[in-house]
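To start, the structure itself, in structure tokens.
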Amino acid sequence: MKVDVYKRPENAGNYSYLAVPEGRPIPEEATNIDWETAEQNIDLDEDNETVLGLDARDALEQIGAKGYAISRVQNKVWLGPNA
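In our numbering, the protein residues as written are 29 to 111.
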């Protein structure tokens, strides 16, 4: 699934990340926060590493349930597929 990822600053230089299916707007319940674009057109696939703090399986479950996914601040940041 292709997603667009947005970020917001948290404590200690960490970020929270919001993923929505590619081309869809940020859901209304999350628009009260100033999200900025982190990455667009990211391939969120269970075979890939964590993407910007979003575990693919968890993110896909969240997107299926509510239409978007939010990372946890303590998650590590990885980009791209498994090497």
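The beta-carbon is built from N, C-alpha and C at its ideal position, and this holds for glycine as well.
Bear in mind that the values here come from a model prediction, so they are computed numbers and not experimental data.
Asked                                                                                                               : Found
Pair within 7 Å by beta-carbon distance, residue 80 and residue 45                                                  : yes
Exposure label - residue 75; buried when at least 16 CB within 10 Å                                                 : exposed
Neighbour-count burial assignment, residue 93, 16 or more Cβ in a 10 Å radius                                       : exposed
Residues that DSSP places opposite residue 4 in a beta bridge                                                       : Lying before the first or after the last residue shown, residue 4 is absent from the chain, which here runs from 29 to 111.
Nearest-angstrom Cα separation, counted from residue 78 out to residue 38                                           : 19 Å
Own chain partners of residue 41 with C-beta closer than 6 Å, once the 5 adjacent residues on each side are dropped : none
Distance, residue 86 Cα to residue 48 Cα                                                                            : 13 Å
Residue 39 in three-state terms, based on DSSP                                                                      : helix
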